[in-house]
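Engineer:
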Amino acid sequence: MDNKVIESSIDNVVVQVGTQKIKKRSQLAEVWRRFRRNKSALVGMTMFLILVFAAIFADVISPYDPLEQNYSIRLQPPSAEHWFGTDELGRDILSRIIYGARISLTVGLIAVSVSCAAGCALGAIAGYYGGKFDNIIMRFIDIIMAIPAILLNISIVAALGNGLQNVMIAIGISSVAGYCRIMRASVLSIKEQEFVEASRAAGASDFYIIMQHILPNSLAPLIIQATLRLGGAILSCASMSFIGLGIIPPTPEWGAMLSTGRD
Numbered sequence: 186m187d188n189k190v191i192e193s194s195i196d197n198v199v200v201q202v203g204t205q206k207i208k209k210r211s212q213l214a215e216v217w218r219r220f221r222r223n224k225s226a227l228v229g230m231t232m233f234l235i236l237v238f239a240a241i242f243a244d245v246i247s248p249y250d251p252l253e254q255n256y257s258i259r260l261q262p263p264s265a266e267h268w269f270g271t272d273e274l275g276r277d278i279l280s281r282i283i284y285g286a287r288i289s290l291t292v293g294l295i296a297v298s299v300s301c302a303a304g305c306a307l308g309a310i311a312g313y314y315g316g317k318f319d320n321i322i323m324r325f326i327d328i329i330m331a332i333p334a335i336l337l338n339i340s341i342v343a344a345l346g347n348g349l350q351n352v353m354i355a356i357g358i359s360s361v362a363g364y365c366r367i368m369r370a371s372v373l374s375i376k377e378q379e380f381v382e383a384s385r386a387a388g389a390s391d392f393y394i395i396m397q398h399i400l401p402n403s404l405a406p407l408i409i410q411a412t413l414r415l416g417g418a419i420l421s422c423a424s425m426s427f428i429g430l431g432i433i434p435p436t437p438e439w440g441a442m443l444s445t446g447r448d
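The opening position of the sequence shown corresponds to residue 186 in my numbering, with each subsequent residue numbered one higher.
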């Protein structure tokens, strides 16, 4: 009799696990089915994956050294040897575009990561503690939002000097406000939930509550904001280099290449 009860319990557990696996698979299949029906999303994902592939394997797929100069073939039109032609110094444009993808994605990812981390920290402090902390932080955020992003970027780079690191710092600072506001709004709505009150009553520290309860429940809007800001960070980097305040030549960067292409 006991053996039958044990076998029945095991069968129930197996059925439950199997049902959960089928449910997870069906949810993923539904997400993929909806994604495939969106042609614009497929095109965008394909282009993004191509850029990521080019950035990661630039050393392998690049036909030439992006810094190699050859004045005998300067300003050549597209040909079998140089698909996109050559620039004023005889450098292969295709190779420079491929390496430029690596730099642009690096700047975008690091700038977004820095701004997201700083914005989340400020937003969590402002929303969780409120009072003077909230007033000081949000007035600072209002000042940042009142200044156009491109103007703020120019001011920071002009003060710190040209260079990859300074460009990432400038873009990161100008993007902090959005993450801070999103995080603050999430904290204000989550900190009054019962599970947060229970954790506080159990003696958990504020840092533990923010990291273990509030932050995980605030990730969805933060991830959306980060994906939206990635493209903006790349455009900001190109804009800075285009006007001569970004990455220093001869580093292959898209904005700098556009600037030299005008001449």
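No residue lacks a Cβ here, since even glycine has one placed at the ideal position from N, Cα and C. Predicted model only: the values in this text are computed from it and were never measured.
Between valine 190 and glutamate 215, what straight-line distance do the alpha-carbon atoms span, to the nearest angstrom?
Structural biologist: Confidence at valine 190 is low in this model, with a pLDDT of 46, below 50, so the placement of that residue is unreliable and no value is reported for it.
Engineer: For aspartate 391, list the residues DSSP reports as bridge partners.
Structural biologist: None; aspartate 391 has no bridge partner.
Engineer: Roughly how far, in whole angstroms, is the beta-carbon of alanine 418 from the beta-carbon of valine 361, given that I think they are within contact range, below 8 Å?
Structural biologist: In fact, because the Cβ distance is near 12 Å, the residues do not count as touching under 8 Å.
Engineer: Could you please give the first and the last residue of the uninterrupted alpha helix (DSSP H) stretch that includes leucine 407?
Structural biologist: Its alpha helix (DSSP H) spans residues 404-427.
Engineer: Would alanine 334 and serine 359 qualify as a contact pair, given that the criterion is a beta-carbon distance under 7 Å?
Structural biologist: In contact: alanine 334 and serine 359 (Cβ atoms closer than 7 Å).
Engineer: Measure the C-alpha to C-alpha separation of valine 202 and leucine 213 and round it to an integer number of angstroms.
Structural biologist: Here valine 202 scores only 46 on pLDDT, less than 50, and its place in the model should not be relied on; the value that follows carries that caveat. C-alpha separation (whole angstroms): 17 Å.
Engineer: Which of helix, strand or coil does DSSP assign to glutamate 192?
Structural biologist: Note that glutamate 192 scores a pLDDT of 47, beneath 50, so its modelled location is shaky; the value from the coordinates is reported in the next line. Three-state result, glutamate 192: helix.
Engineer: If we call anything under 7 Å between Cβ atoms a contact, is glycine 357 one with serine 264?
Structural biologist: Result no, Cβ atoms of glycine 357 and serine 264 do not sit closer than 7 Å.
Engineer: Return the bridge partner residues of threonine 271 from the DSSP annotation.
Structural biologist: Beta-bridge pairing links threonine 271 to Asp277.
Engineer: Using only alpha-carbon positions, find the residue among Ser247, Pro437 and Arg366 that is nearest to tryptophan 268.
Structural biologist: Tryptophan 268 has its Cα closest to that of Ser247, out of Ser247, Pro437 and Arg366.
Engineer: Classify serine 247 as helix, strand or coil using the three-state DSSP reduction.
Structural biologist: Correct three-state label for serine 247: coil.
Engineer: Within its chain, find whatever has a CB closer than 6 Å to the CB of methionine 353; leave out the 5 residues flanking it on each side and keep chain order.
Structural biologist: Result list for methionine 353: Val292, Ile295 and Ala296, in chain order.
Engineer: If we count the other Cβ atoms within 10 Å of its Cβ and call it buried at 16 or more, is methionine 368 buried or exposed?
Structural biologist: Classification for methionine 368: buried.
Engineer: Under DSSP, the alpha helix (DSSP H) around threonine 231 begins and ends at which residues?
Structural biologist: Looking at the DSSP string, the run of the alpha helix (DSSP H) that includes threonine 231 is 224-241.
Engineer: When you compare each of Gly285, Leu337, Tyr393 and Thr271 to asparagine 255 by their alpha carbons, which one comes out closest?
Structural biologist: It is Thr271.
Engineer: CA-CA distance, isoleucine 322 and tyrosine 393?
Structural biologist: About 21 Å.
Engineer: Output the boundary residues of the alpha helix (DSSP H) element that contains tyrosine 364.
Structural biologist: Taken as a continuous stretch (DSSP letters only), the alpha helix (DSSP H) holding tyrosine 364 covers 361-375.
Engineer: Can you tell me where the alpha helix (DSSP H) holding asparagine 320 begins and where it ends?
Structural biologist: Asparagine 320 -> alpha helix (DSSP H) spans 316-331.
Engineer: Given alanine 405, which residues of its chain have a CB within under 6 Å of its CB, disregarding the five upstream and five downstream residues?
Structural biologist: Closer than 6 Å at the Cβ level, and outside the excluded window around alanine 405, lies no residue.
Engineer: Is DSSP giving alanine 265 helix, strand or coil here?
Structural biologist: Reduced to three states, the DSSP call for alanine 265 is coil.
Engineer: Pick from Phe427, Leu290 and Gly429: whose alpha carbon is nearest that of phenylalanine 233?
Structural biologist: The option with the nearest alpha carbon to phenylalanine 233 is Leu290.
Engineer: Assuming glycine 312 and valine 372 are in contact, meaning their beta carbons sit under 8 Å apart, how far apart are those beta carbons, in whole angstroms?
Structural biologist: The Cβ separation is near 3 Å, so the contact holds.
Engineer: Start and end of the alpha helix (DSSP H) containing glutamate 382?
Structural biologist: That run of the alpha helix (DSSP H) goes 379-386.
Engineer: Within 10 angstroms of the Cβ of glutamine 410, are there 16 or more other Cβ atoms? Answer buried if so, exposed if not.
Structural biologist: Its Cβ being crowded by 16 or more others within 10 Å, glutamine 410 is buried.
Engineer: Which residue wins for smallest C-alpha separation from glycine 346, given the options Trp439, Asp250, Arg221 and Met425?
Structural biologist: Of the listed residues, the one whose Cα sits closest to glycine 346 is Met425.
Engineer: Report the rounded CA-to-CA distance for proline 435 versus glycine 446, giving the unit in angstroms.
Structural biologist: Computed Cα separation, rounded: 14 Å.
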